Amino acid sequence: MAAQRWVTTLLRARAANEDLAKQRLGAARRREQETAAHAAAERRRAATRAENVVQSTPAFLASIVARQAAAATAEQAHHTAERARVAANQSLDNLVEAARGRRTAEELLERQTLAAQAQQKLASERDLDEIAAVGHAKKMMGGRG
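Read in order, the letters of the sequence shown are residues 20 to 164 in this note's numbering.
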């Protein structure tokens with residue numbers, strides 16, 4: 020039973036690890052959605068800047084600088100969204116690995132439980148065989164004497 024106790028502890032630890040991986044996956048997916056929405060908004064903002072046509076030279080130059088800044092911001096938002104997507108995929112991989120570890124611990128516990136039950140059944144059968152043998156021996160000795 021001592022072996023079963025450590026497997027139970029292992030199973031609890033693996034289940035806690037899986038729960039943590041689920042929470043991290045949820046946070047990563049939320050971050051992925053937020054950054055994707057931000058990137059889309061920045062792309063739209065950069066596109067609307069491109070549509071504004073200005074007549075004077077200083078205003079035109081300022082417009083070009085603003086467009087470049089908007090494009091750089093949109094590009095940075097896109098890269099941030101891509102990193103968030105990669106992080107979400109990594110979190111999913113971590114969750115799969117944690118679930119696999121938990122299931123392995125469950126299978127180990129099931130095998131140990133079945134082995135303990137088989138051992139207990141074998142001990143019970145031996146006890147019954149011994150009781151039957153003693154009863155038979157008493158019966159045989161009682162009939163002769």
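Here a beta-carbon is modelled for each residue, glycine too, at the ideal position from N, C-alpha and C.
Values in this document were obtained by computation on a predicted structure and should not be read as measured data.
Practice task
Use the C-beta contact count for R122: other C-beta atoms within 10 angstroms, 16 or more gives buried, fewer gives exposed.
Solution key: For the purposes of this step, residue 122 is taken as the residue at position 103 of the sequence shown. It is exposed - the Cβ of R122 has fewer than 16 other Cβ atoms within 10 Å.
Exercise for the section: In angstroms with no decimal places, state the Cα-to-Cα distance between G161 and I150. Expected result: Along the sequence shown, one-based indexing puts residue 161 at 142. Along the sequence shown, one-based indexing puts residue 150 at 131. About 16 Å.
Problem - Under 8 Å between C-beta atoms of N113 and A40 - result: For the purposes of this step, residue 113 is taken as residue 94 along the sequence shown, with counting starting at 1. For the purposes of this step, residue 40 is taken as residue 21 along the sequence shown, with counting starting at 1. Yes, these two residues count as a Cβ contact at 8 Å.
Handout entry: Per-residue burial, S110 [other beta carbons within 10 Å of its own, 16 or more giving buried]
Key = As a position in the sequence shown, residue 110 is number 91, starting the count at 1. S110 comes out buried.
Handout entry: C-alpha distance - L141 paired with R104, whole-angstrom precision
Key = On the sequence shown, position 122 is the one that residue 141 refers to. On the sequence shown, position 85 is the one that residue 104 refers to. About 55 Å.
Problem - F79 versus A85: straight-line alpha-carbon distance, rounded - result: Position 60 of the sequence shown, counting from 1, holds the residue named residue 79. Position 66 of the sequence shown, counting from 1, holds the residue named residue 85. F79 and A85: Cα-Cα distance of roughly 10 Å.
Problem - Test item: CB-CB of A59 and A106 under 8 Å - result: Residue 59 sits at position 40 when you count from the first residue of the sequence shown. Residue 106 sits at position 87 when you count from the first residue of the sequence shown. Contact: no.
Practice task
Taking only the alpha-carbon atoms, compute the straight-line gap between A135 and E101 and give it to the nearest angstrom.
Solution key: Start at 1 with the first residue of the sequence shown, and residue 135 comes out as number 116. Start at 1 with the first residue of the sequence shown, and residue 101 comes out as number 82. Going by the C-alpha atoms only, they are around 51 Å apart.
Problem - Beta-carbon gap between A16 and A89 smaller than 8 Å - result: Lying before the first or after the last residue shown, residue 16 is absent from the chain, which here runs from 20 to 164.
Exercise for the section: Just mark E61 as buried or exposed, buried being the case when its beta carbon has 16 or more other beta carbons within 10 Å. Expected result: The residue labelled residue 61 in the question sits at position 42 within the sequence shown. Buried: at least 16 other Cβ atoms inside 10 Å.
Handout entry: Straight-line gap, V153 to L127 (C-alpha atoms, nearest Å)
Key = The sequence position of residue 153 within the sequence shown is 134, counting from 1. The sequence position of residue 127 within the sequence shown is 108, counting from 1. Taking the straight line from one Cα to the other gives about 39 Å.
Practice task
For Q74, name the three-state secondary structure that DSSP assigns.
Solution key: In the sequence shown, the residue the question calls residue 74 occupies position 55. Q74: coil per DSSP, three-state reduction.
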